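Letter 1 of the sequence shown, counting from 1, is numbered 908 in my numbering, and no numbers are missing. We treat Cβ as the ideally placed atom computed from N, Cα and C, and that holds for glycine. Quantities reported herein were computed from a predicted structural model and do not represent experimental measurements.
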Amino acid sequence: MKDGLGAGRLEVIAGPMFAGKSEELLRRVRRARIARRGVLLVNHALDTRRGTGRVTSHSGAGLPSHAVSDAAEIPALLDADPATDPATDAETVTETELVAIDEAQFFGVGLVPVVSELADRGLVVVVAGLSVTFDGQPFAPLPELMALAESVEKLTAVCSVCGADAAFHARVPGAPSASDPIPAEPTHPGDALVPVAAHVGGSESYEARCRRHNAPTR
908 MKDGLGAGRL EVIAGPMFAG KSEELLRRVR RARIARRGVL LVNHALDTRR
958 GTGRVTSHSG AGLPSHAVSD AAEIPALLDA DPATDPATDA ETVTETELVA
1008 IDEAQFFGVG LVPVVSELAD RGLVVVVAGL SVTFDGQPFA PLPELMALAE
1058 SVEKLTAVCS VCGADAAFHA RVPGAPSASD PIPAEPTHPG DALVPVAAHV
1108 GGSESYEARC RRHNAPTR
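In structure tokens form, the structure reads like this:
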């Protein structure tokens, strides 16, 4: 595996759904490419909402990426020829300096030693993912990644009920209106009862919620 060119570090972009995590990740990738830094962009193979091999934000902006199903596959991607890599901007091909990983929650705890090794080798690793499950619990491996990172950016969305900052998201079939009472009991099973693949979705399955309008499942 190729080593980085400078001092390595781990940066984490975390938050609920609809907080702009993928958009921020893409912004950093574009900025690095403008600076003619080599970038490896990775997404989990489970995320097929807008086709495989692409990191796409809810706004529709996107870039080609590598789609992998196991974090252990990521280091080998650094040995690929960047000139023939569809996920690389051929006009700015240089030695890889930045590894950007989206949908970190799908990789599980196996992602932690992988990104730690990459950072130790001198690469800048930027990881974006959900920090909470739809029932308001910490979503591994983000808590551990946040603890190990040199930089953490915690983003919030906009509550679908009242418009306040939303640090949570709910998996709901029908959204309450602002005039509805705050739910006293959780209406949906916890994430532990739902397969990982069921967490792939958008506004048709989830809504951003502030603390006040999030079902008190904790």
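Whole-Å CB distance - residue i paired with residue j, under 8 Å assumed
i	j	result
Leu984	His973	6 Å
Leu948	Val936	6 Å
Pro923	Ala1035	Not a contact, Cβ separation roughly 12 Å.
Gly945	Thr1003	4 Å
Pro982	Val1021	7 Å
Simplified DSSP assignment, three categories, for residue i
i	result
Glu948	First, the residue type needs correcting, since residue 948 is Leu and not Glu in the sequence shown. Residue state, collapsed to three classes: strand.
Asp1009	coil
Leu933	helix
Arg1116	strand
Ala1047	coil
Ser1038	coil
Phe1014	helix
Ala921	strand
Ser1067	coil
Ser972	coil
Arg938	helix
Ala1026	helix
Ala914	coil
Glu1129	Any property of residue 1129 remains undetermined from this structure, which presents the chain solely from 908 to 1125.
Ala1054	helix
Val1059	strand
Val850	A query on residue 850 cannot be resolved here, the shown segment of the chain reaching from 908 to 1125 and no further.
Ser1021	Contrary to the premise, residue 1021 reads as Val rather than Ser in this sequence. Three-state DSSP puts Val1021 in a helix.
Length of the line joining the Cα atoms of residue i and residue j
i	j	result
His1120	Val1065	12 Å
Ala978	Glu1024	12 Å
Asn950	Val962	6 Å
Ala1075	Val919	The sequence given here places Phe at residue 1075; Ala does not occur at that position. Roughly 17 Å between the two C-alpha positions.
Pro1096	Tyr1113	Confidence is the limiting factor: at Pro1096 the pLDDT is only 36, short of 50, which leaves the residue's position unreliable, though a coordinate-based value still follows. Taking the straight line joining both Cα atoms gives about 14 Å.
Ala968	Cys1069	27 Å
Ser1086	Asp1042	Bear in mind that the predicted position of Ser1086 carries a pLDDT of just 46, short of 50, making it unreliable; the figure below should be weighed with that in mind. Going from the Cα of Ser1086 to the Cα of Asp1042 covers about 22 Å.
Gly927	Asp954	16 Å
Gly960	Gly1015	19 Å
Arg934	Arg1028	24 Å
Ala1077	Arg1118	11 Å
Thr1040	Phe1013	12 Å
Arg943	Ala987	18 Å
Ala1091	Ile941	The pLDDT assigned to Ala1091 is 43, lower than 50, so where the model puts this residue is not dependable, and the model offers no usable value.
Val1079	Ala1056	32 Å
Ala1054	Ala952	26 Å
Glu1060	Gln1044	19 Å
Beta carbon of residue i nearer than 9 Å to that of residue j
i	j	result
Ser1058	Phe1046	no
Ala1026	Leu1018	no
Glu980	Leu1062	no
Phe925	Ala1071	no
Leu1030	Leu1049	no
Ala939	Leu1052	no
Val1154	Ala1007	For residue 1154 there is no data in the structure shown, the boundaries of the chain being 908 and 1125.
Asp1009	Ser929	yes
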